[in-house]
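If you use the working numbering, the sequence shown corresponds to residues 6 to 612, in order.
Ideal Cβ positions, reconstructed from N, Cα and C, are used throughout, including at glycine.
Read through the structure below, which is laid out as structure tokens, and then see the notes.
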Amino acid sequence: MERTRRPAPYPRLVAALAAAVLTAGGLVAAAQTARAADADIARNGGFESGLTGWSCTAGSGSVVTTPVHSGSGALKGTPAGNDNAKCSQTVTVQPDSAYTLSSWVRGGYVYLGASGTGTTDVSTWTQSASDWQKLTTSFRTGPGTTSVTVYTHGWYGTPAYYADDLTLVGPGGAPAQPPAVPTGLKADSVTSTSVALSWAPVTGATGYTVYRGGAKVLDTGGTSATVSGLSPATAYSFQVAATNAAGASALSPAVTATTSAPGSGGGGADLPAHALVGYLHSSFANGSGYTRMADVPASWDVINLAFGEPTSVTSGDIRFSLCPAAECPNVESAAEFKAAIKAKQAAGKKVLISIGGANGQVQLSTTAARDTFVSSVSKIIDEYGLDGLDIDFEGHSLSLNTGDTDFRNPTTPVVVNLISAIKTLKARYGADFVLTMAPETFFVQLGYQYYGSGPWGGQDPRAGSYLPVIHALRDDLTLLHVQDYNSGPIMGLDNQYHSMGGADFHIAMTDMLLTGFPVAGDTTKVFPALRPDQVAIGLPASTQAGNGHTPPAEVNKALNCLTKKTDCGAYQTHGTWPALRGLMTWSINWDRFNQWEFSKNFDAYFG
């Protein structure tokens, strides 16, 4: 959030993935011709049985009826973000034998290849085929090779590709055996609506299937998965089976996990079912004018004092003071301000100190800065008798070190120390401590496509960097109100880009939080859904307050779609959430400047 209105530079990814150099493995120098008696041993290479036998990354593959090379189906692979739409199957082969791999392809960049050959893995590719053309490559298996993986994939940031009539011609192998039963199944973390599971890898397994109460709930290629959409305070039983080309193992021994109670630990039990959150310019003035605490209307349920700021970027020493009289002639005295806070609290309102903002960069890069943060924030809370803390870290406050790729287990000091500091404050003030966060879309929803510096480095390390903080504190979190403004286009769960300023943007961005999403397209690292009572939509109160102002009629359309499944437009949500907590705005001051249009519309909508 900004003290003065200015176009906020939307952070750009440093890496230009679309300009990456395309490479492919060479063909075997002296490819062996398959013997006449050899057979096509690929399964469902014509995709007449859907995706049976195939595994596609991040849900990127589907079977279409047009265009097809022959028959009634063909594979469509749709690259998105860090996912190249790889579809593969593992085939049983004979050691020290020659094989020829072929497929008809068209569309964007498309690769055909084989890995795990035991000799030289091979691939071939074509660029932007406007009509069907045949790709072929050959290889010889190694002396101990009994299976290979054949695959197709596209390229990052390019259009969809199509593949059909894929064949692998050569001698078939001995019948494969299903893998062993997985061991070590455990519940790593539990929220009110999700359970994160992990287990030991199984030799020979190409995938795993997770069961809840004996019913299949999801497939994954890794050894961990998060089951979402669960009911609070409920016991669930989970099992997992290992799979490969020969079938599935028996189910593992069950593990039981009980989800936490709704709203537990979040400090918002006495908030209204639908709450209005606003930022009050308390330490500075701008074009909106200064608003005294006593003059804030009763519409506002959570009032965030903007801002507590550090003495230096890395000190962790947060200070807050009222706006100087020279800048704000109508500012109240400290005693009047504190008395007004008590009056608001007596009326059931929550008053928080907001840390950061556009000008307040905070980097807790050391444990000393962490401890100073805790002590200085505690001093502000105690002095003004506040209900809790709002984290509004923007700019370069949070970023991820190279190699920090799992939001569930962060290693970057500025992230780890922030989590630790907030947990310490929560423990100090108890269950009623109110914790809210106001990240920008770049730090949250962009994580669906990009996370940190990426698997090859070079991306903006701030991408998705709020995700580990939100996840680690989700059971302590009262409200997350992402700033749906000052944002560039963001890809939603429909793999389409959405732009701020209308109902569609708020619907798509909020649906991601309430549905959960794979981080950087990795289906083994799914950010679990938040509870609807933990989520509010962040908007600017007026056209002067920030880029992406949304007219009241469009705000209401977004609320209708998310809470009633009406007025949804083109985007289809993954659920309906009547318990969505409400709205946040920057700011109370700008709403007053705009004749209270934002808060009046909220009151009219929710009654």
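Just reading off the beta strand (DSSP E) that residue i is part of, what are its end residues?
i       : result
Arg-111 : 103 to 112
Cys-92  : 92 to 97
Trp-137 : 134 to 145
Asn-249 : 240 to 249
Ala-541 : 541 to 545
Val-69  : 66 to 69
Ile-46  : First-last for Ile-46: undefined, no H or E at that position.
Gly-175 : 166 to 175
Leu-394 : 393 to 398
Output needed for residue i: all residues of its chain with C-beta closer than 6 Å, excluding positions within five of it in sequence on either side, in chain order.
i       : result
Glu-314 : Gly-365
Thr-2   : As displayed, the chain neither begins before 6 nor continues past 612, which places residue 2 out of reach and without an answer.
Asp-120 : The sequence as given places Ser at residue 120; Asp does not occur at that position. Excluding positions up to five away in sequence, the list reads Asp-126 and Thr-154.
Thr-172 : Asp-45, Ala-47, Gly-50 and Ser-107
Ala-290 : Cys-328, Glu-332 and Cys-333
Gly-252 : Pro-183
What do you reckon, are the CB atoms on residue i and residue j nearer than 8 Å?
i       : j       : result
Asn-594 : Thr-296 : yes
Thr-225 : Tyr-213 : yes
Ser-242 : Pro-187 : no
Ile-346 : Val-382 : no
Ala-262 : Val-200 : yes
Ala-85  : Gly-526 : yes
Phe-398 : Phe-532 : no
Ala-280 : Gly-66  : no
Ser-75  : Pro-176 : no
May I ask which residues mark the beginning and end of the alpha helix (DSSP H) holding residue i?
i       : result
Glu-341 : 339 to 351
Glu-559 : 557 to 569
Ala-584 : Unbroken run through Ala-584: none, as it is neither H nor E.
Lys-431 : 418 to 434
Phe-607 : 602 to 611
Can you look up residue i in the DSSP assignment and give me helix, strand or coil?
i       : result
Ala-280 : strand
Arg-375 : helix
Pro-473 : helix
Tyr-154 : The residue asked about is misnamed: residue 154 is Thr in this sequence, not Tyr. It is a strand residue.
Met-589 : strand
Gly-82  : strand
Glu-314 : strand
Thr-125 : coil
Pro-523 : strand
Pro-232 : For the sequence presented, residue 232 should be read as Val rather than Pro. In this structure, Val-232 counts as strand in the three-state DSSP scheme.
Ser-254 : coil
Phe-325 : coil
Tyr-15  : Reliability of the predicted coordinates at Tyr-15 is poor, the pLDDT of 41 falling under 50, and the value obtained from them is presented with this limitation in mind. If DSSP states are grouped into helix, strand and coil, Tyr-15 belongs with coil.
Pro-302 : coil
Arg-597 : helix
Lys-354 : coil
Glu-388 : helix
Ala-201 : strand
Ile-308 : strand
Met-517 : helix
Tyr-116 : strand
Gly-362 : strand
His-554 : coil
Ser-492 : coil
Might you give, ordered along the chain, the residues of its own chain that have their beta carbon closer than 7 Å to the beta carbon of residue i, omitting 5 neighbours on each side?
i       : result
Gln-368 : Val-318, Thr-319, Ser-402 and Val-419
Val-336 : Tyr-295, Leu-327, Cys-328 and Ala-330
Val-379 : Ala-426, Thr-429 and Leu-430
Thr-377 : Ser-320, Gly-321 and Asp-322
Ser-77  : Glu-53 and Thr-70
Asp-608 : Ser-304
For chain B, find out if any of its Cβ atoms is closer than 8 Å to the Cβ of residue i; answer yes or no.
i       : result
Ala-330 : No chain B is present in this structure, which holds just one protein chain.
_If contact is defined by three or more beta carbon pairs under 8 Å, each pair taking one atom from either stretch, is the region 119 to 137 in contact with the region 41 to 51?_
Cβ pair count under 8 Å is below three, so no.
Original post:
Counting pairs of beta carbons, one from the region 534 to 545 and one from the region 484 to 503, are three or more of them closer than 8 Å?
Top reply: In this structure the region 534 to 545 lies against the region 484 to 503, because at least three pairs of beta carbons, one per stretch, are closer than 8 Å.
(Q) Tell me whether the region 447 to 455 and the region 431 to 438 touch, counting them as touching only if at least three CB pairs, one residue from each stretch, are closer than 8 Å. (A) Cβ pair count under 8 Å is below three, so no.
At least 3 beta-carbon pairs within less than 8 Å: the region 142 to 149 vs the region 162 to 169 = As far as the Cβ criterion goes, the region 142 to 149 does not touch the region 162 to 169, which means the pair count is below three.
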